[in-house]
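Asker: Note that UniProt numbering has the sequence shown beginning at 1, numbered continuously upward. Cβ coordinates follow ideal geometry from the N, Cα and C atoms, glycine included.
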Amino acid sequence: MIKIFIDLGTTNIKIEAYDNKKIVDKISVLNKKIYFDEENNFSAEKLFNFLKEYLINLNIKFNKNLFVIFSSAMHTLIFLDENYNQIGKGHSLLEKIDFTLKNEEKNYFRKINKLVNSEFLPVYKIKNYKGINYDSITTLKSFILYKFTDENVIEISDAVGLGVINSRSKNYSKTILKNINVSESIFPKLLLERKVFNCSLNNFELQIDLGISDGASAAIGSVSEENNISLSLGTTLGIRYVSQKYVEISHDFDYCFPIYNNKWIYGISSSNGANNIELIAKKMRLTLDDLNEVDFSRAKLIDKQIFFYKERFDQNILNIEEVEFNIDLLYTYIIQMINRIKEYKKIIDSKKKSNSKIIATGGLFKNRQIIELFEKEFNSDIIISTVKNLSITGLKKISHSW
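(1) Can you list, in chain order, the residues of its chain whose CB lies under 7 Å from that of H251, leaving out five sequence neighbours each side?
(2) Check whether the segment 193-202 and the segment 283-294 touch, using three or more Cβ-Cβ pairs below 8 Å as the test.
(3) In three-state DSSP terms, what is G221?
(4) Which runs of the beta strand (DSSP E), 3 residues or longer, sit entirely within the segment 256-316?
(5) Roughly how many angstroms lie between the CA atoms of V24 and H75, to the nearest whole one?
(6) List the endpoints of the continuous alpha helix (DSSP H) containing E104.
(7) Exposed or buried, which one is M1 when buried takes at least 16 other CB atoms within 10 Å?
(8) Assuming Q336 is part of the alpha helix (DSSP H), what are its boundary residues?
(9) For I56, which residues from the same chain have a beta carbon less than 6 Å from its beta carbon, with the 5 sequence-adjacent residues on both sides left out?
(10) Given 8 Å as the limit, is there contact between the segment 325-336 and the segment 294-312, that is, 3 or more CB pairs closer than that?
(11) Between the alpha carbons of K178 and K397, how many angstroms are there, rounded?
(12) For Y124 and L101, which I take to be in contact (beta-carbon distance under 8 Å), what is that distance rounded to the nearest angstrom?
(13) Report, in whole angstroms, the separation of the C-beta atoms of R168 and Y246, which I expect to be a contact under 8 Å.
(14) Name the DSSP bridge partner or partners of K32?
(15) Relative to the C-alpha of I306, which candidate in M284, Y134, Y333 has its C-alpha closest?
(16) First and last residue of the alpha helix (DSSP H) that includes D158?
(17) With 16 other CB atoms within 10 Å as the buried threshold, where does V164 fall?
(18) Can you name the start and end residues of the alpha helix (DSSP H) that N20 belongs to?
(19) Could you check what DSSP says for E184 in three-state terms: helix, strand or coil?
(20) Have a look at G221, N228, T235 and flag the residue whose alpha-carbon is nearest the alpha-carbon of K345.
(21) Between D81, D7, G234, D37, which lies nearest to A73 when the distance is taken from Cα to Cα?
(22) Any contact of the segment 107-124 with the segment 9-29, i.e. 3+ C-beta pairs under 8 Å?
(23) With 16 other CB atoms within 10 Å as the buried threshold, where does T175 fall?
(24) Quick check: the segment 125-136 against the segment 275-282, are at least 3 beta-carbon pairs closer than 8 Å?
(25) Measure the C-alpha to C-alpha separation of G395 and A17 and round it to an integer number of angstroms.
(26) Runs of 3 residues minimum, wholly inside the segment 38-115: which ones carry the beta strand (DSSP E) assignment?
(27) According to DSSP, which residues form a beta bridge with D7?
(28) Inspect the beta-carbon positions of I359 and S385 and report whether they are closer than 8 Å.
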């Protein structure tokens, strides 16, 4: 049997296929080349057709049955008619939002769904997108499963991404559904335990596992021991771990949501990650590679909090036109970011009641000077990981041991 790991990422589809643990195919394709448009909306039918053709071709090439497991970027939303056909465009994390929310409304839902609520959550799109007549609602992964198997189910972490789940009880929240004026019956049935669905395609056997959200999959893929916590430092900043029980949220930007097998993901996120470093470097006409040659020895710390990107709760951000972009600004932001990560680690350590070791990933850690600054501040409490494609690595762990 050929095992296929499919990561439906925010910007790319990544697929790895294995025959007896030997990789036999690997692709990475921009979403916009397959099923996204320029506004970051999507056609789920186009994605289904792409995957169907890909799987048929694999079967023809190797003459073996197939097993597929997914990870997927959370927060996809599809409105459907009575025949389960997509109505209008599919909604993604990256699409432009034309409404705003008050903090009071975000906090009201946050008490239930335990997420860092923002306009991109589908629950707010369901509430605010008017004039759409639909019979049901689903997500990208669940749409693909239905098209292959006629099974109308959704795995729990994907359902969490809609924003309509009570993360403590792991059920659809009656309070949230009443607030947005929809019935639970329009959503797929919740799947709380891992399950493999069987169907046939082109006269061969196809097994499908809905897998898990890509954030959770990446967290699982990056850690190897119980005291490890996962730090992802890309455009944004995220630190998280897999918990055997629900963890109460206590920070403006923390979250806790359920995954398969009575486990939860607890973490803290920030919209201000490596994107600020990229912005400052660009204004200084430097590339990230150039930072290896920057001399920070004489850099001075600036007495100002540096945030260029708005967090999901109201926060003051700097006006680019009023800032002098220089080595001092760059160094100050890097140190402030490290200090925020230290703060987040302390919060997580207090939740875990242990001293955790950070497993750090992200393109920023290709930079020697960045690595040196982190290792200086965290000493033995950090490991810079070289594992690539953490979501697929996490899927491999799930498919082998869960």
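Answerer: This is what the structure holds:
(1) I268, I347
(2) no
(3) Looking at G221 - three-state DSSP - the assignment turns out to be helix.
(4) 263-270
(5) 31 Å
(6) 103-113
(7) exposed
(8) 327-352
(9) N202
(10) Of all C-beta pairs linking the segment 325-336 to the segment 294-312, three or more are shorter than 8 Å, placing the two stretches in contact.
(11) 38 Å
(12) 6 Å
(13) 5 Å
(14) For K32, which the question treats as bridged, DSSP gives no partner whatsoever.
(15) Y333
(16) 156-160
(17) buried
(18) Neither: N20 is in no alpha helix (DSSP H) and is coded neither H nor E.
(19) helix
(20) N228
(21) D7
(22) no
(23) exposed
(24) The segment 275-282, when compared against the segment 125-136, does not touch it at the 8 Å Cβ threshold.
(25) In the sequence on display, residue 395 carries Leu and not Gly. Cα-Cα distance, rounded: 12 Å.
(26) 66-72, 78-80
(27) K14, S71
(28) yes
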